[in-house]
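The first sequence lines up with residues -7 to 975 when you count with this note's numbering.
Here a beta-carbon is modelled for each residue, glycine too, at the ideal position from N, C-alpha and C.
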Amino acid sequence: MDYDFRAIESKWQKFWAENKTYKVEENEQPKYYVLDMFPYPSGAGLHVGHPLGYIASDVFSRYKKLKGFNVLHPSGYDSFGLPAEQYAIQTGQHPAVTTENNIKRYREQLDKIGFCFDWDREVRTSDPSYYKWTQWIFKQLFDCWYNKETDKAERIADLVAKFESNGNKLVKADTSCETEFSAEEWRTYSEKEQSDLLQQYRLTYLDDAWVNWCPALGTVLANDEIKDGVSERGGYPVEQKLMRQWMMRITAYANRLLDGLEKIDWTDSIKDQQRNWIGKSKGASVRFKVDGFEEEIEVFTTRPDTIFGVSFMTLAPEHELVGKITSADCKAKVDAYVKAASLKTERDRQSDVKNITGEFIGAYAINPISGEKVPIWIGDYVLASYGTGAVMAVPCGDQRDYDFAKAFGIEIKNIFKDVDISKEACDDKSAIIANSDFLNDLPAKKAIGVAIQKIQELGVGKGKTQFRLRDAVFSRQRYWGEPFPVYYENGIPKMVPDDQLPVELPEVDKYLPTEDGEPPLARAKKENWPTFLGDRMEYNTMPGWAGSSWYFMRYTDPTNEKEFISKEKIDYWGNVDLYIGGSEHATGHLLYARFWTKFLYDLGYVPFNEPFQKMINQGMILGNSSFVYRLELASFFIPGLDDPNQVPAVKEFPEIFVTKEIYDDWANNEKLNMHYKQVVSKLESILNRLIPGDLSQVLSNVKWEYSFTKLHADISLVDNGVLNTEGFRNWRRDYRDAEFVLNKDGKYICGSEVEKMSKSKFNVQTPDELVDKFGADTLRLYEMFLGPLEQSKPWDTKGINGVHNFLRKLWRLFHDQDNNLTISEEAATDKELKTLHKTIKKIQDDLERFSFNTGVSNFMIAVNELTDYNCHKKDILEPLLILISPYAPHICEELWEKIGNAPGTMTKAQFPKFEEKFLVEANYAYPVSFNGKMRFKLELPTNLSKEEVEKEVLASDLSAKYLEGKAPKKIIVVPGKIVNVVL
RNA sequence: GCCCAGGUGGCGGAACUGGUAGACGCGCUGGAUUCAAAAUCCAGUUCUUUCGGGAGUGAGGGUUCGAUUCCCUCCCUGGGUACCA
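Written out as C-alpha cells, the structure reads:
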C-alpha cells in the first residue's frame, strides 16, 4: 500500500502523546481560546455527529497556532448526569464506576481522531477536586445580594451592616422581601428570623417551589418527561408537590443578561431565544376594583394608554379570585370551564389559536381611570404563570382580545381617531388616541407616559417592567450530582466552612429516593458522610448546569488547589474566543454560564463580563433510518370451517414483514391493490401450515383483517435499501421465525427517512468503523467537506472515497510509482507559485470566516493542479503541507518529517505568507455580455483602461454578430471583472 | 400564531462586497488499461432543442446595464416557542 494511513496515524498519535506536543503554557504570544461544548460521556459512545464540532474547533486551533497564537484548546467531561444514575439504580453499580468506563471509551474514540487537546488540562465535574470549587462558588452566591444602586452583586456582610444602621428602608436590592423593618427591629430578630429575612436577599436562597412529583417512580419529573398528565416512562400519575428548594436569583441579572447580548458575536437565532426567554416588557401594573367586593384585580399591561378602551377583563381560569367573585348563576358553567382548562397543558392552550373559549363569571370590574363597569371573563388564553394572570382586555388595540370579543359578542369600543376597527384590531403605536379624556389626540408613544403618570397620581398602579424570566430551581432530588456545601442547625441552613470543602458524596445502599420521598442522599447515615456538620446535611444535589456554568474558567488553571482559578491565569487567557457547540443549550447552559460569569465579574474574580465572545452552532448530523413494515393481523374468518378448535389463534402466526412497495400501496389506501394477492397468499400458506391436513379448498375464501406498522430496522442490516433478511431474523429473538413478503426481484426493500441520529432509531454511525477503514485524516476532511458547519445535514458515507483519494493524490505528489520519496530542490515555476499562493489566500480567507467545507475543495483543486504540472518541488509542497495540516495532521506530519523536518515540529511551523505578486496576470479573459447575457470571452491585457477595453470589445469580430450593426446604448466595463453591452 | 434558519443539477454543496450560476466531490455514461475484476487514467454529465439557440437558483412581482445575492408578496422544509397582556 502506498499511503499506509494506519501505520502513519498510530505512529503520530503515539508521538504526540509521548512528547506532549499539544501542551500549552502561558507565554509571550497573543492568546486564543477555542472551546467545544462540554461533552457528557454517555454509555453509547461517540457517533459521527459528535466529532463534527470537535473537528472544526481542532482545525481552527491548529490554524491559529500556525498563525502565531498561543492556543488554549482543552477538553473534559460533564460527568454528572442522569443516565449514569439510572444505570446505577438498575444495576446497583456506583455511577462513578460507569462514568469512569464511559470516559475511557470516549477518550479512546477521541484519541483516534487526532485532536490537539491539551489533556493535562482535563476537568471532570464529578471529580471532588473540581466540584470543591463549584461548591465554593455556590457559597459566594449565598454570601451575596444584588444592589440595584451599584447594579452589581455585593457581600451580605455589607447588607447586614446597612440593616443594623438603617433597617431595610433605604436598601435598593433585588429582593422578594416586602416587609419593611428598622435597625431596632432588625436587632431584636432571632437568628432564625434574620436568616429567613436574609434568604430573601441572597443570590441563592431556599424557597418552596412546585415540582412534578411522581410517587410511583419516587422522583421529580421534568415537563417533557410527562405526557397527558402521566409519566412518559411507565405511565404513572404525576402530582404537583411543594418542595423546599435552593433557588438562583438569576432575575437580578435579567437586564444585564439582555444588554450583554449586544456585545457578543452569536447567531441571531440564539440571541433571540435568550431575549424571548428573559422576556422584558415595559408597561404598567394597574389595579381594578371588583364591583361589590373588597378584592382588587391587578393587571399588567404594556399599553396603559389604551385604558379607556378596556371593554372587559379576562382572568386565567386558575386565578385565585375566580372562586370568590363568580356569581351563583354562573358557577356551574365556570366550574366546568376551569376543570376543562386544568386538563389542558400550557402547550395545548397556546397552540389552539382558532378555537376561542371562555366563560363570563357574572362579576364586573371597575375601570380605575374611567370608572366604567366592565364584565369579567375567564379564558384559557390567559396563563396564570405569567404576570398577574389577568388581562385588561382592549379589543380595539389587541387582536387576541378582539377575537375574544367577537367570539362572545362583547362590545368593542374604539379609542383610535379615524381608524376602522370593523375588521381587525389596531396595534399601530402611531395611531392617535380618541374618546380617552386626557389622552385624546396623543399618539401611543406619548400617551403611555401620560397614562402611567395619571395611574400613579391616582394611586391605582405604577409603571413597571416585567420579566418573564423566573428564578432558577437549583436543587435536584438525585444522587449523582454535586452535594451542597450546606448543613442545617435548628432548621437554619448554614454553609460548610471553606477548609472542610469539598463535601463529598456519601455512600448509600440504593440510589433511589427514600420511601417518604426524600432524595437519595437522605439514605446516608451520619457516618457515611465524609463531612457532617450540624443536625443534618443537605439532601439535594446540584443540577447538571452547576458544573458547566464555570468549567471554561477552570481550564485556564485546572489543578489549582488554593483557588478556583488564579488571577494571573484568567487574566492571561481571558474569556473564550471561539465556542463551538449545538444550539440546544440556548436557554439553559448558555444563560446560566453568562449569569455566573457576571456574578464572578462583580466580585472581581474574572476580568470579563461575557464568557463566550464568538459562538458557532454546528448543525445536527442526521441519520438515515431504515424501516421495515410489520403486518398486524387483527382477525380472520374461514367461511367453511365451523369448528373453532380447528382455527389457529392470531398470535400463533409468525411475524410477517412486507416489502416497501406493498406497504406504500396499502398506505395509499387502494383497497384491492395489486399486492393484496401476495399478502393473502403468504397468510394462506402460513395458515395451511398451522392447520393440520390439506384445506386448500376451504382456504380460498378466507377473510383477513390486517394493517401494517412501520418499525425501525438496524441500518447495519440494510445495504442499499435491501434488507439482509437472515441477519434480521437473528437480530432479535422475536424475529427468529419472521416471514417476508418480497418484491418481484425477490428482495426485501426497506423504507428510509432522515431523522435525528439516536440509539433508539437504530441509525447510529460511529466514527470508529470509518477511522478503521479510511483513517482519521479522511474522516476529519470528510466531516468538514459535507457542507457548512452550521447547517444540519444527513450523514451519508457515499462521498468519503473522494476525500480519501485526495489524500492518496497528495501522497503521490511526494512519491514515485514505487513509493520512493521524490522531492526536488528545483525552483518553482510561475504556474506552480500561482497555485500555491491562490490556495494560501483561499484557505486563510475561508478559515477566517469559518468556512471549513470550501477549504477542502481548495486543497483538492491545488493537488489536482500540481499533479497536472507533475510538481515535486519542495518549495511548493512544503508550504502546502502546512496549509493542509490543520485538517489532516497525521499525513502532513509524516510527509513533513520525510522531506527533512524534525519530527513533531509541524505545529510550530509558520502559516505561509500570501504574496499577491504571484497572482498577477498579464491577460484576463473578459466575459462579454449583451444585455446581461454572457456571450463570449475576450482575452485582453489587464492594464487596459475602461475606454480601451470598450474599444477592443466593439472592435472584436465576435461582437459584430450580437450588435447586428446597431450602436450600443451603453457599455459597462468593470475592469478585471466583466463587460456588459446594452443594446 | 409568533421568532429564527433554509429552499441552487440525480446527490452533498460552491459562487465572499450585485458582475462568467453549477467550483470541488459523489453518482452516472462512454473510452483506455486488464484474461477478468478492483484500482487507475481520459472524456462527458443543469434541463431543453429543429443544434441557430432557448430556459434555468421554491413561486410571482420590483430595483438595476446586470440579481442565487437587494426590496415586496406568497409557498414549502427544518428548528425554537410562552396566544406573554
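Within the DSSP secondary-structure output, W111 pairs in no beta bridge. Scanning A376, I402, Y378 for the CA closest to the CA of A385 turns up I402. In the three-state reduction of the DSSP assignment, S673 falls in the helix class. For L802, same chain residues with a beta-carbon under 6 angstroms away, outside a window of 5 residues either side, are V855 in chain order. Boundaries of the beta strand (DSSP E) around A705: 695 to 705. Checking the DSSP bridge columns, you'll see W238 partnered with L198.
Close CB contacts of K274 within its chain, under the 6 angstroms cut and outside five residues either way in sequence, are with T457 (chain order).
From the listed residues E870, Y774, A952, V941, the smallest Cα separation to V848 is found for Y774. Comparing C-alpha distances from D110 to each of E474, Y25, E1 shows the shortest one belongs to Y25. With a cut-off of 8 angstroms on Cβ pairs, the stretch 419 to 434 is in contact with the stretch 292 to 306, counting three or more such pairs. Per DSSP, A952 is one residue of the alpha helix (DSSP H) stretching across 949 to 955. Taken in chain order, the complete alpha helix (DSSP H) segments of 4 residues or longer contained in the stretch 490 to 564 are 537 to 540, 543 to 546. Residue state for K900 is assigned as helix, using DSSP reduced to three classes. For M487, the CB contacts under 7 angstroms within the same chain, skipping 5 residues up- and downstream, are K131, F134, P477, V478 in chain order. Pairing L781 with Q670 gives a Cβ-Cβ distance that is not under 7 angstroms.
Secondary structure note for V51: it is in no beta strand (DSSP E), and the uninterrupted alpha helix (DSSP H) holding it is 42 to 58. For K833, the enclosing alpha helix (DSSP H) begins and ends at 822 to 840.
Annotated as proximal: I963 and E942, with beta-carbon spacing under 7 angstroms.
Across the structure, E907 and K834 are spaced so that their CA atoms are roughly 12 angstroms apart. For V965, same chain residues with a beta-carbon under 6 angstroms away, outside a window of 5 residues either side, are K938, V941, E942, V971 in chain order. In this model, P871 and P550 are separated by some 36 angstroms (Cα to Cα). Excluding sequence positions up to five before and after N406, its CB lies within less than 8 angstroms of the CB of G301, C388, I413, A426, N427, all in the same chain and listed in chain order. Residues L614, N616, P786 of the same chain have their beta carbon placed closer than 7 angstroms to that of V746, with the five preceding and five following residues left out of the count. Secondary structure at N972: strand, using DSSP grouped into helix, strand and coil. In the same chain as R279, and ignoring 5 residues on each side of it, the C-beta atoms closer than 6 angstroms to its own belong to E288, E290, V452, G453, in chain order. The alpha-carbon separation between L27 and W565 amounts to approximately 12 angstroms. Across the structure, L450 and F304 are spaced so that their CA atoms are roughly 21 angstroms apart.
Between the alpha carbons of K953 and I832 lies a distance of about 42 angstroms. The three-state reading of DSSP puts F396 in helix, counting H, G and I together.
As computed with DSSP, I270 is found in no beta bridge at all. Residue state for V920 is assigned as strand, using DSSP reduced to three classes. In the structure shown, V941 adopts helical secondary structure according to DSSP, grouped into three states. Only residues of its own chain outside the window of five on either side were considered, and among them A48, F52, I608, L781 have a CB closer than 8 angstroms to the CB of F842, listed in chain order. Here N923 is exposed. Its C-beta has fewer than 16 other C-beta atoms within 10 Å. At a Cβ-Cβ threshold of 7 angstroms, F619 and F732 do not count as neighbours.
Per DSSP, the continuous beta strand (DSSP E) segment holding F928 begins and ends at 925 to 933.
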